[in-house]
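Chains as they are written, first to last, in our numbering: chain H, 1 to 397; chain D, 1 to 757.
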């Protein structure tokens, strides 16, 4: 059984070019932001991949036999943000969660967060599965079904696209500029979320594009003794591009939320689109080599000791995008080399990249304490020597 | 250039380090830190030190309260040359300017040395025994990280108290009582900022609170001290009373800093207290001019007001405890000498009922007073368990005095020989809670405590630990005992079985019902037959009634102390659980020790339904108590044999002391019986064999007790034929050695009609 943690944590999983983030609050309330769970990462078949699912199973709470997360936020429906959704999460009526589902360690999502764009036709199997699940839940809410508010059926809609299907669901809808303090039917004083995007005008464009319309939000960890202070401000933006961030900057300043709510400040910045140049300007970078002012202004809201996390494959000095080497350089210019952290190379044990974890102390996000060892050990069944033939003898053959 | 650390002042250790464990650990630490070789320093006699630098991760938003923790912290690690690693290393800061005033988890330092880090909660030696030397370095880094980000200080929103080491002795007092004095500013009348308390010296360097002095008891305490001090002067052995003072800042100001330089003399103690906003000058003057202590040791408890609740305590007051050693010459001129020696003491919380409950995992004890009768070996052990768990609302009764031979298995020790067992036991339990006034009262009583209605209605529980058949019968017959729940604990089977029985609601099933139910369990459990057979063989008398319960007061009873303790422990656990219940049903709990191939301990539990009870239809002194299944069988047989009458015999036990007939089983009509709708002739085919088997399997505890037959169409009374049988039976029974009453039950569709002649 998991014990409540002393401090909240944020864990950025190494999922190559993709996002999977787990936030755990002190009472073990959990938020999963996007998922890129590759089947090949499960078990020990490929040591170059971290087993995200196994770690989630260890990290999440159980409701009886049911593994669950309080909140799942899909920033947008690209495959690298929802891969493995169908295989690893429980979809359907939560009352039908079976022993088989329990054995498969399917994760129930108590509250599903999505933007109206997630209801558009999916371009991949997991996006389609997400869409089906979202629509199933929406129907319960539209029908005012008595089960609509049980864990596994709850929804939060981020943004308004003016559609009829969602028109009656304003009680579960939040729009940019709003601060959310209630999560999975619990009002919190230690944590909130400031919604930055998507705006209605983005969603209502005929050719609304997924990346541009990503959910962008600021996760805000509140000081336990002084609620006017934030112990950590973590920015998430899916694959939002520099146009989306320009809009965010303008709207936030226009409404004074940059000062009133510190809505643009950040300690941790998940570089959008896996450290892509799209955050800084149009691509290709060679044709648009100068970062737009709005994006550099956004980066300028970093607080002391702030870190940028690039959830991407290793960043090399080449023309790849994402991740883009020049984009990395822009981030490094802002926070320094030591505070730019790439999930793929940050901490590699053997061949396996490990998650980047921050523990949110009252003085800001910190690396977790170094783990102590023990004076005892014993080789486990997987120990390589045990699985290898060993030859002995005083003479060679 | 960085300031030199404390280690720079230490001489180099030039001897060869012979302890291989220390050498090995130094290599491991060096490898971990990338240091090829350490310069060993002589810290003190038998202690060597190494100076190392630890990298610290500092929080991004600045250190908590700007505490001066740096990215690289110099520390010194001390090793006991001979006794490492059983004596674990001590870690101290090497910085003379380390921000010690702002940090918890530092030990009080002495003599200009730097303070040691308190790295683990609990025993450092036990922690280190499970770790590698590198883990110590990791722990130090994490400790400094926590110090920088406030985790060390905030500690879940509570205040971390100072760490003591090298204290001379203990002061035993109730935190809440002292904190209450400070918080309510209950100063000694006419004085500035202190209260007076009287302590008893209960062992070397151990002082226990006796009383707080107030206006109401001042005169009484003056007399108490005068008499005690006079006895001291006269060389008469008496309690050693010491005067003590609790001193605090009467303003509301709170202090969050720490003073980790332990004061050695009065002048330093005054300075120490000043840093907590406390002025000791008025107390010094009072001691110099008015203190009437007989002994040199005067207790000073400094109450420090903290901004948050102190960890481990219920309030925000932290107490710093000291004993000053004052000679007459130290009071010259009405001023307490600055040179008066000061010793540091540690506070010990006396055991309180609340604490005992907490330690014992007892969440709630329902209100109400309980009576326990019998403080012999078994009773004393059960009451001791209960008392130590905070169950102290008891009146305990025993008429016996403790004899020397009792010591082999009584919970009391030799110092109580000759004292009444109940009084001595209650006294010892009271002593567990010196700071509290608890009921636990022992009575040396020959009086039956169940006789009066006041008593019967006053108790929540009555416990019978007597092993006395007489008291058992008293409880059975005590009609006025309507309110209390009744529990009896006894030992049987030569000590191999503990029996805890609990009556049901409204005393049904009663303790005798429960006892007979246990015997009737022979039908389901062969061990019951084996047990009853052993009891039967042991019985020297021909008494039919078996008393489940053997007294342990006799030298001839061979049962070891540990065996009694085993049963007492189980019973105590049962009692604690049952006392929490608000609704009660009949229950039997057994603890059984088997000695087959190896020692086996087993427990059993039986739930017992209420009995169906009748007074006899004819005028008699007898009460009939049926197991409900017997009634059901009689009724179903009546239906089956309709329109004819039917009948058979009843199995149970007759108790002449309580005038009770228990019916626990039934034999239906023998095959050679004949009947019509107006008569029933009970046959004998296989009947003697059946009754014999029952008697044999129960060690003679159960057998034939009476007859039953049906009147399917009435009348609801005995017929003349029935009466003729009664007369015939009576003649037969009266010539038996132990006569049986003639017991007939008539079953009609409307009623059950028991008759006893």
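A virtual CB, placed ideally from N, CA and C, is assigned to each residue, including glycine.
Nearest neighbour of residue 151 of chain D by Cα position, chosen from H/154, H/368 and H/274, turns out to be H/368. Across the structure, residue 45 of chain D and residue 26 of chain D are spaced so that their CA atoms are roughly 19 Å apart.
Residue-level contact by beta carbon holds for residue 138 of chain D and chain H, with a gap shorter than 8 Å. Annotated as proximal: residue 60 of chain H and residue 68 of chain H, with beta-carbon spacing under 8 Å. The way I'd put it, the segment 492-502 of chain D does touch the segment 563-574 of chain D; three or more beta-carbon pairs between them come closer than 8 Å. In the structure shown, residue 36 of chain H adopts extended strand secondary structure according to DSSP, grouped into three states.
The C-alpha of residue 192 of chain H is placed about 10 Å away from the C-alpha of residue 233 of chain H. Here residue 143 of chain D carries a helix assignment [DSSP, helix/strand/coil].
Distance from the CA of residue 161 of chain D to the CA of residue 171 of chain D, rounded to the nearest whole angstrom, comes to 17 Å. Following the DSSP letters along the chain, one finds residue 72 of chain H inside the beta strand (DSSP E) bounded by residues 66-73. The bridge partners DSSP lists for residue 359 of chain H are H/9 and H/366. Counting only the Cα atoms, residue 684 of chain D lies some 39 Å from residue 490 of chain D. Under the three-state reduction of DSSP, residue 166 of chain D is assigned to coil, being neither helix nor strand. Looking at the DSSP output, residue 287 of chain D shares a beta bridge with no other residue.
Taking a contact to require three or more Cβ pairs closer than 8 Å, the segment 206-215 of chain H and the segment 245-255 of chain H do not qualify as touching. Comparing alpha carbon positions, the residue from D/348, D/123 and D/421 closest to residue 372 of chain D is D/421.
With a cutoff of 8 Å on beta-carbon distance, residue 144 of chain D and residue 76 of chain D are scored as not near each other.
Residue 242 of chain H and residue 166 of chain H have their C-alpha atoms spaced approximately 28 Å apart. Taking each of H/144, H/173 and H/79 in turn and checking the Cα distance to residue 127 of chain H, the smallest one comes out for H/79.
Judged by DSSP secondary structure, residue 727 of chain D falls within the alpha helix (DSSP H) whose first and last residues are 720-734. Buried is the label assigned to residue 303 of chain D, since at least 16 other Cβ atoms lie within 10 Å of its Cβ.
For the segment 352-375 of chain H, the residues whose beta carbon sits under 8 Å from a beta carbon of chain D are, in order, 361, 362, 363, 364, 365, 366, 367, 369, 370, 371, 372, 373, 374 and 375. Taking a beta-carbon distance threshold of 8 Å, residue 64 of chain D counts as an interface residue toward chain H.
With a threshold of 8 Å between beta carbons, residue 300 of chain H makes no contact with chain D.
Counting other Cβ atoms within 10 Å of its Cβ, residue 194 of chain D reaches 16 or more and is therefore classed as buried.
Taking a cut-off of 8 Å for Cβ pairs, the segment 660-668 of chain D and the segment 712-724 of chain D do not touch, as fewer than three such pairs fall below it. Taking CB atoms only, residue 9 of chain H has no neighbour in chain D less than 8 Å away. Rounded to whole angstroms, the separation of the alpha carbons of residue 430 of chain D and residue 387 of chain D is 9 Å. Taking a beta-carbon distance threshold of 8 Å, residue 188 of chain H does not count as an interface residue toward chain D.
With its beta carbon at least 8 Å from every one in chain D, residue 151 of chain H lies outside the interface. Counting C-beta pairs closer than 8 Å gives fewer than three between the segment 621-633 of chain D and the segment 590-604 of chain D, which falls short of the contact rule. Interface with chain D (8 Å Cβ-Cβ cutoff): residue 43 of chain H is excluded. For a Cβ distance threshold of 9 Å, residue set 372 and 373 of chain H lies close to residue 134 of chain D, ordered along the chain. The alpha-carbon separation between residue 325 of chain H and residue 279 of chain H amounts to approximately 13 Å. For residue 120 of chain D, same chain residues with a beta-carbon under 8 Å away, outside a window of 5 residues either side, are 127 and 139 in chain order. The alpha-carbon of residue 500 of chain D is positioned some 15 Å away from that of residue 385 of chain D.
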